[in-house]
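Each residue of the sequence shown is one higher than the one before, starting from -3 at the first, in the numbering used here.
What follows is a single structure, written as structure tokens, with notes after it.
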Amino acid sequence: MTTDTPTRPTVTVIPGDGIGPEVTQAAVRLVDAAGGQIDWEYADAGAEVFRRGIASGVPEETIASITRTRTVLKGPLETPVGFGEKSANVTLRKLFETFANIRPVRELPGVPTPYAG
């Protein structure tokens, strides 16, 4: 994450495919409504990029944005089947050496869950 000022980081947003744009925009609105002081930098990856003929699904501009901001809010990305394209998700994981998808959760009192703790 980069900062233009000490209190205002810039985050790359990759809206994604399918339901991705809807859920990433909802996340952006939620952070903004909660008072998050974030500058959002939008970038492309996934199906639309494949249609433009970029076989990795991730254009150089997106790679540059992620390298600069060091933080990404990414929606789900589609992987075309049968056309020889690589998975944009795998491309991003390999480029930035990410290996964990951490989704912190907590139980809410009074809400039944299938797992304790």
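The beta carbon of each residue, even a glycine, is placed where N, CA and C say it ideally should be.
Is the beta carbon of residue i less than 7 Å from the beta carbon of residue j?
| i | j | result |
| --- | --- | --- |
| Pro114 | Phe95 | Residue 114 lies beyond the stretch modelled for the chain, which goes from -3 to 113, so this question has no answer here. |
| Lys90 | Ser52 | no |
| Thr6 | Asp35 | yes |
Can you tell which of the options has its C-alpha closest to the C-alpha of residue i?
| i | options | result |
| --- | --- | --- |
| Ile15 | Pro105, Lys70, Arg48 | Lys70 |
| Ala60 | Thr8, Arg4, Thr3 | Thr8 |
| Val54 | Ala30, Glu93, Ala39, Glu18 | Ala39 |
| Pro17 | Ala30, Glu57, Ala41, Gly32 | Ala41 |
| Thr58 | Leu104, Gln33, Phe92, Gly78 | Phe92 |
| Glu37 | Gly49, Ala29, Thr67, Val107 | Thr67 |
Between the alpha carbons of residue i and residue j, how many angstroms are there, rounded?
| i | j | result |
| --- | --- | --- |
| Lys26 | Pro110 | Reading the sequence as shown, one finds Leu at residue 26 and not Lys. Cα-Cα distance, rounded: 27 Å. |
| Gly32 | Thr20 | 15 Å |
| Thr65 | Val101 | 25 Å |
Once DSSP output is grouped into helix, strand and coil, what is the label at residue i?
| i | result |
| --- | --- |
| Leu69 | strand |
| Arg89 | helix |
> In chain order, which alpha helix (DSSP H) runs of at least 4 residues are fully inside the stretch 7 to 48?
Replying inline: Listed in chain order, they are 16 to 29, 43 to 47.
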